[in-house]
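Enquirer: Have a look at the structure that comes next, please.
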Amino acid sequence: MKTTKSRALFNAAKKIIPGGVNSPVRAFKSVGGDPLFIKKGKGVILEDVDGNYFVDYVLSWGPMILGHAHPSVLKAIIKAAKRGSSYGAPCHDETELARLIVQAVPSIEQVRLVNSGTEAVMSAIRLARAFTKRDSILKFEGCYHGHADHMLVKAGSGIATLGIPDTPGVPKAFARQTLTAPYNDIITTEKLIQKHAKDLAAIIVEPVAGNMGVVPPSDEFLPWLRMITKKYGILLIFDEVITGFRVHFGGAQARFKVMPDLTCLGKIIGGGLPIGAYGGRKDIMQMIAPAGPVYQAGTLSGNPVAVAAGIETLRQLKKPGVYKELERKSKAIAEGLGEAAKEARIPYYQTRVGAMLGGFFSGSPVTDFASAKKSDTTKYAIFFHGMLRNGVYVAPSQFEAMLLSTAHSDSKIKHTISAARKVFKML
Ligand code: HOZ
């Protein structure tokens, strides 16, 4: 595979951008080699600057659920941009996107738009602290909730990929206010809650963990979290930045029928443009300025172009049968990959919730961060490069998700399975 132009661009980028990338996991650090510089995305196909083509299963880490450059989303973006790209004053489409979100996500009564998932989480945590008048937060090991100080504790995604234990720059006093428990571990979580109940403002969780690879919640985990948080007056925050509008139109909460107090969104709701949102119970959301005293603001919040892309994306997703078809295709690819691994006698533990797939090079079940970390990451790196050579782009890290879009056709899925069959045999 020719990568001369990508390499040259990467070398140039490294001189003026730290590590040559604007977000760490893109750098291929844990799988080796240099990142590919992308020239174009259309449907599920990515084209790099050297003229290589790939079937994309990263989808910009989630937003591109309709595939790249979807015609009607593109049209909405162009139409909106022609009216000006930012006003710093309210516009009609902000309310329209908010309305679509409130209608779709069962626990959201009011919603505030921001610019990224990180910002959504940061703001939701501040709000939870203000509402409960408590300071501590509980998160789960291997869950990633963006890069705000109090969330970079035992975090997944790039933190797990690069093996960074504690990020310098996070004051110890901040980190101390973040308690952590193993995902799916009710016993440890309960002990922590009992010990810290009076000071716990919120428990934040990815209802399907997607930043340590994909780890589904056990049947009891989310209902139990709902029950115990209610009991102790702790707010339950679902980080649905990945799962929102992906595992169900109404997010993981609609799929599992567990209602949090607050929900964080991002990715899909911006149709590929920068956005984030947090929302939930009206009595809590009413504390946000200017309705209430909890301050949070942003020059580009509710940006008209991002909002237009989001509205069109949600309208497309709302069409009948979309999620049924996504489910069918996701199941087909998961089964195909599983069979291919079996044929090659590769220990491969698969997970899937809707169009979110995980595949760990491990012989034992993966239910939390500790078991995810047992996966053979050297094998994953070989798998990753083998797939690339065969025209398939999966995440450059074992600790990320494989994502499907409505644009993945049966023939592309077939191609992916036969690529995996070849690669697994090589392992
Ligand atoms: N936090 C994202 C992965 N879970 C990575 C974002 C990016 O590098 O674009």
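Adding 771 to a residue's 1-based position in the sequence shown gives its number in the numbering used here.
Note that CB positions come from ideal geometry on N, CA and C, so glycine has one too.
Since the structure is predicted, the reported quantities are computational estimates derived from the model, not experimental observations.
#1: Can you determine whether any heavy atom of ligand 1 sits closer than 7 Å to the C-beta of Ser801, and answer yes or no?
#2: With DSSP as the reference, identify every bridge partner of Phe825, one or two as the case may be.
#3: What are the uninterrupted segments assigned as alpha helix (DSSP H) that are 4 or more residues long and contained completely in the stretch 922-994, given in chain order?
#4: Quick check: is any heavy atom of ligand 1 less than 7 Å from the C-beta of Ser1214?
#5: If you drop the 5 nearest sequence neighbours on each side, which residues of the same chain put their C-beta closer than 7 Å to that of Pro918?
#6: Provide the residue span of the alpha helix (DSSP H) that contains Gly859, from first to last.
#7: How about Asn982: is its Cβ closer than 7 Å to a heavy atom in ligand 1?
#8: Determine the extent of the beta strand (DSSP E) in which Lys910 is found, giving its start and end residues.
#9: With 16 as the cutoff for other CB atoms within 10 Å, does Pro1061 come out buried or exposed?
#10: Label Thr866 either buried or exposed according to how many other C-beta atoms from any shown protein chain fall within 10 Å of its C-beta, with 16 as the threshold for buried.
#11: I'd like to know whether the C-beta atoms of Thr1034 and Tyr1049 end up nearer to each other than 8 Å.
#12: Which residues does DSSP pair with Tyr915 in a beta bridge?
#13: For Trp832, verify whether its CB is less than 7 Å away from any heavy atom of ligand 1.
#14: Using three-state DSSP, classify Tyr1066 as helix, strand or coil.
#15: Given a cut-off of 8 Å on the beta-carbon distance, is the pair Val792 and Tyr1164 in contact?
#16: State the Cα-Cα distance for the pair Glu1011 and Pro861, rounded to the nearest angstrom.
#17: How is Met1056 classed by DSSP in three states: helix, strand or coil?
#18: Could you give the residue range of the beta strand (DSSP E) that holds Arg1123?
#19: Please report the straight-line C-alpha distance between Ala899 and Ile1005, rounded to a whole angstrom.
#20: Would you say Glu818 touches ligand 1, meaning its beta carbon is less than 7 Å from a heavy atom?
#21: Are Gly1047 and Val924 close, meaning C-beta to C-beta below 8 Å?
#22: When you compare each of Arg1160, Leu1175 and Phe902 to Ala1191 by their alpha carbons, which one comes out closest?
Expert: In terms of the structure at hand:
#1: no
#2: Leu817
#3: 929-933, 943-947 and 957-967
#4: The structure shown does not extend to residue 1214, since the chain spans only 772 to 1198, so no value can be given for it.
#5: Sequence check: residue 918 is His here, not Pro. Closer than 7 Å at Cβ, skipping near neighbours: Thr889.
#6: No alpha helix (DSSP H) holds Gly859; DSSP gives it neither H nor E.
#7: yes
#8: Ser907 to Phe911
#9: exposed
#10: exposed
#11: yes
#12: DSSP lists no partner for Tyr915.
#13: yes
#14: coil
#15: no
#16: 25 Å
#17: helix
#18: Tyr1120 to Val1124
#19: 9 Å
#20: no
#21: no
#22: Arg1160
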